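**Student:** In this text, residue positions in the sequence shown follow full-length UniProt numbering: the first is 1, and each later residue adds one.
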Amino acid sequence: MIEYICLLLIVSQVILLLISPRYRLIWPFSVYYKKVFHPLIQDNKKFKIKFYIIPIFYFVLYLYLIYCYYSKVAPFINNQLWAFEKYMWIPLIIIASPLIFGVFTMFTKPTYTKKYSDEIDNEYAFDNLIFYPQILCRTCQSYKPARSKHCSICDRCVLVADHHCIWVNNCVGKGNYTYFYMFLITNTFSLTYAFIRLLTIFYTTNVYLPKNTLTLTILCGCFSVICGIFTFLQLNLAQEGMTTNEKDKWFTVHEFMRDGKLVRTQSGRWYFADPHDSDISEDSVFYSTNGYDHTEYTLRNFEIIEDPSRITNIYDRGDFLANLRDLCK
1 MIEYICLLLI
11 VSQVILLLIS
21 PRYRLIWPFS
31 VYYKKVFHPL
41 IQDNKKFKIK
51 FYIIPIFYFV
61 LYLYLIYCYY
71 SKVAPFINNQ
81 LWAFEKYMWI
91 PLIIIASPLI
101 FGVFTMFTKP
111 TYTKKYSDEI
121 DNEYAFDNLI
131 FYPQILCRTC
141 QSYKPARSKH
151 CSICDRCVLV
161 ADHHCIWVNN
171 CVGKGNYTYF
181 YMFLITNTFS
191 LTYAFIRLLT
201 IFYTTNVYLP
211 KNTLTLTILC
221 GCFSVICGIF
231 TFLQLNLAQE
241 GMTTNEKDKW
251 FTVHEFMRDG
261 KLVRTQSGRW
271 YFADPHDSDI
281 SEDSVFYSTN
291 GYDHTEYTLR
301 NFEIIEDPSR
311 ITNIYDRGDF
321 LANLRDLCK
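(1) Looking at the structure shown, is LYS261 part of a helix, part of a strand, or coil, going by DSSP?
(2) Are PHE195 and CYS220 touching if we call contact CB-CB under 8 Å?
(3) Please report the straight-line C-alpha distance between THR265 and ARG138, rounded to a whole angstrom.
(4) Quick one, are the C-beta atoms of ILE135 and THR289 less than 8 Å apart?
(5) Which residue comes first and which comes last in the beta strand (DSSP E) that contains CYS171?
(6) Can you have a look at ASN79 and say buried or exposed, based on whether 16 or more other CB atoms are within 10 angstroms of its CB?
(7) ARG300 and GLU282 look like a contact to me (Cβ under 8 Å); what is the Cβ gap, rounded to whole Å?
(8) For a test of the three-state rule: what should DSSP assign to SER143, helix, strand or coil?
(9) On the CB-based measure, 16 or more other CB atoms within 10 Å of its CB, does ASN236 come out buried or exposed?
(10) Tell me, please, which residues DSSP counts as bridged to ILE53.
(11) In the DSSP assignment, find the unbroken alpha helix (DSSP H) run with CYS227 in it and report its ends.
(12) TYR181 lies in the alpha helix (DSSP H); which residues open and close that run?
(13) Strictly by DSSP, which residues pair up with TRP270?
(14) What do you get for GLY102, buried or exposed, if any count of 16 or more other CB atoms within 10 angstroms of its CB means buried?
(15) Can you tell me whether GLY318 is buried or exposed? The criterion is at least 16 other CB atoms within 10 Å of its CB, across all chains shown.
(16) On a Cα-Cα basis, can you pick out the residue from TYR193, LYS211, GLY260, VAL207 that is closest to CYS227?
(17) Compute the distance between the beta-carbons of ASN245 and LYS72, then report whether it is under 8 Å.
(18) Can you pull the DSSP bridge partners for LEU136?
(19) Tell me whether ARG156 sits in a helix, a strand or coil according to DSSP, three-state version.
(20) Restricting to Cα atoms, I'd like to know which of GLU303, VAL253, SER284 is closest to THR312.
(21) Give every residue of the same chain whose Cβ lies closer than 6 Å to the Cβ of THR186, excluding the five residues on either side of it in the sequence, and list them in chain order.
(22) When we look at the beta-carbon of CYS222 and count the other beta-carbons within 10 Å, is it buried (16 or more) or exposed?
(23) Would you kindly check if the distance between the Cβ of TYR179 and the Cβ of THR108 is under 8 Å?
(24) Between which residues of its own chain and ASP326 is the CB-CB distance below 7 Å, once the five residues before and five after are set aside?
(25) Among all the DSSP beta bridges, which residues are the ones paired with ILE304?
(26) Find the nearest neighbour of ILE93 within the set MET182, THR243, PRO275, judged by alpha-carbon distance.
(27) Is it true that the CB of ILE314 sits closer than 8 Å to the CB of ASP162?
(28) Give the range of the alpha helix (DSSP H) segment to which TYR112 is assigned.
(29) Check this for me: beta carbons of VAL168 and PRO110, under 8 Å apart or not?
(30) From the DSSP output, read off the bridge partner residues of PHE286.
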């Protein structure tokens, strides 16, 4: 009976969370939206303990996989493993390394703008396309260096900001990229290794294996694909010489270019033409690519940029390893 009541409460909460934004002006959904949905989901300054739910979920799930292996599977496959695997490789590399790098990623804070020196401030130039000088963060009340971003969860501006990683409840930025990449790589490698090794033992031996072996194999296989996708996406951004924060900015720039709305003046300034203008002329209204500048401009002597090679990403060092070293230094 208690189980059914708990299940009913969980289902009702999920339904209310889904529909309350749509019907937030109608009672009683308006009360739920104001008292529960907004502070719990949208307000990053309230109930901050909620940001630890996913990291706890990750560590509990990872510990469950370890428990499953040592208590349910290892006794049946120990004879199929090499001594090096049993006593060194599996405990130190496969099991420990993802947890170690996860902890380092969680507790190593990135560099914040209020701590930066003049050297750090000048490390990256302003390209006057997606990053502009003299931009004051309205929250931190400090000038934003190039490639920085304010995190509403951490409530600070992060240098070379990528994103706020929900899996470790920490911002990824200057100072912890190495740990973050290693966290992704070791998780992907460990889960892939476990999946392939268990699958090999499952199909190449005549030893009796419990159902838990198949369960563990399937879980490792599924999670390895998920982690592999995350890892690929992050490393692909490094290949392109951009961060997650910058990806959307570059997408917007190229989208305006594809629509024939991106222009550059003879002085090298970049502007967007009004999206509602069907044809661009000197009578058109233009807006700066600086998102903080809402001035309407009238331009003379400009050119419409239609070739993506004319748009230069000055933060791209030219190849994957150079970009990776730049982020991880």
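We put the beta carbon where it would ideally sit given N, CA and C, even for glycine. From a predicted model like this one, the values you see are computed outputs, not experimental measurements.
**Tutor:** The relevant details are as follows:
(1) The residue given as residue 261 occupies position 261 in the sequence shown. Residue state, collapsed to three classes: coil.
(2) Stepping through the sequence shown from its first residue, residue 195 is reached at position 195. Stepping through the sequence shown from its first residue, residue 220 is reached at position 220. Yes, they are a contact pair.
(3) To locate residue 265, count along the sequence shown from 1; it is residue 265. To locate residue 138, count along the sequence shown from 1; it is residue 138. Cα-Cα distance, rounded: 29 Å.
(4) Locating residue 135 in the sequence shown gives position 135, counting from the first residue. Locating residue 289 in the sequence shown gives position 289, counting from the first residue. Going by C-beta atoms, ILE135 is not nearer than 8 Å to THR289.
(5) For the purposes of this step, residue 171 is taken as residue 171 along the sequence shown, with counting starting at 1. Here the beta strand (DSSP E) through CYS171 covers 170-172.
(6) Working through the sequence shown from its first residue, we reach residue 79 at position 79. So ASN79 ends up on the exposed side.
(7) Here residue 300 is taken as the residue at index 300 of the sequence shown, counted from 1. Here residue 282 is taken as the residue at index 282 of the sequence shown, counted from 1. ARG300 to GLU282, Cβ: 6 Å. Contact.
(8) Along the sequence shown, read from residue 1 onward, the residue named residue 143 stands at position 143. The sequence shown places Tyr at residue 143, not Ser. Taken through DSSP and simplified to helix, strand or coil, TYR143 comes out as strand.
(9) Start at 1 with the first residue of the sequence shown, and residue 236 comes out as number 236. It is exposed - the Cβ of ASN236 has fewer than 16 other Cβ atoms within 10 Å.
(10) Your numbering for residue 53 matches position 53 in the sequence shown. ILE53 is not bridged to any residue.
(11) Sequence index remark: in the sequence shown, residue 227 carries index 227 (1-based). Taken as a continuous stretch (DSSP letters only), the alpha helix (DSSP H) holding CYS227 covers 211-240.
(12) Here residue 181 refers to the residue found at position 181 when the sequence shown is read from its first residue. Here the alpha helix (DSSP H) through TYR181 covers 177-204.
(13) Position 270 of the sequence shown, counted from the start, is the residue given in the question as residue 270. Note: TRP270 sits in a beta bridge opposite ARG264.
(14) Residue numbering aside, residue 102 sits at position 102 when the sequence shown is read from its first letter. Label assigned to GLY102: buried.
(15) Within the sequence shown, residue 318 is the residue found at index 318, counting from 1. GLY318 comes out exposed.
(16) Sequence index remark: in the sequence shown, residue 227 carries index 227 (1-based). It is TYR193 whose Cα lies nearest to the Cα of CYS227.
(17) In the sequence shown, the residue the question calls residue 245 occupies position 245. In the sequence shown, the residue the question calls residue 72 occupies position 72. No; because the gap between Cβ atoms is not below 8 Å, this pair is not in contact.
(18) Taking the sequence shown and counting its residues from 1, one reaches residue 136 at position 136. TYR143, per the DSSP bridge assignment.
(19) In the sequence shown, residue 156 corresponds to position 156, counting from 1. Looking at ARG156 - three-state DSSP - the assignment turns out to be strand.
(20) Taking the first residue of the sequence shown as 1, we reach residue 312 at position 312. Nearest C-alpha to THR312: VAL253.
(21) The residue labelled residue 186 in the question sits at position 186 within the sequence shown. Excluding residues within five positions, the ones whose Cβ falls inside 6 Å are SER97, PRO98, PHE101.
(22) Along the sequence shown, one-based indexing puts residue 222 at 222. Per the 10 Å Cβ criterion, exposed.
(23) Position 108 of the sequence shown holds residue 108. Position 179 of the sequence shown holds residue 179. Yes, these two residues count as a Cβ contact at 8 Å.
(24) What you label residue 326 is simply residue 326 of the sequence shown in a count that begins at 1. Cβ within range, chain order: ARG317.
(25) As a first step, residue 304 is located in the sequence shown; it is residue number 304 there, counting from the start. DSSP lists VAL263 as partners of ILE304.
(26) Sequence index remark: in the sequence shown, residue 93 carries index 93 (1-based). If we check each option's Cα against that of ILE93, MET182 comes out closest.
(27) Residue numbering aside, residue 162 sits at position 162 when the sequence shown is read from its first letter. Residue numbering aside, residue 314 sits at position 314 when the sequence shown is read from its first letter. Taking 8 Å as the Cβ cut-off, ASP162 and ILE314 do not qualify as a contacting pair.
(28) Here the question's residue 112 lines up with position 112 in the sequence shown. Element bounds for TYR112: n/a, residue is neither H nor E.
(29) The sequence position of residue 168 within the sequence shown is 168, counting from 1. The sequence position of residue 110 within the sequence shown is 110, counting from 1. Contact: no.
(30) By one-based count along the sequence shown, residue 286 stands at place 286. In DSSP, PHE286 forms a bridge with ALA273, TYR297.
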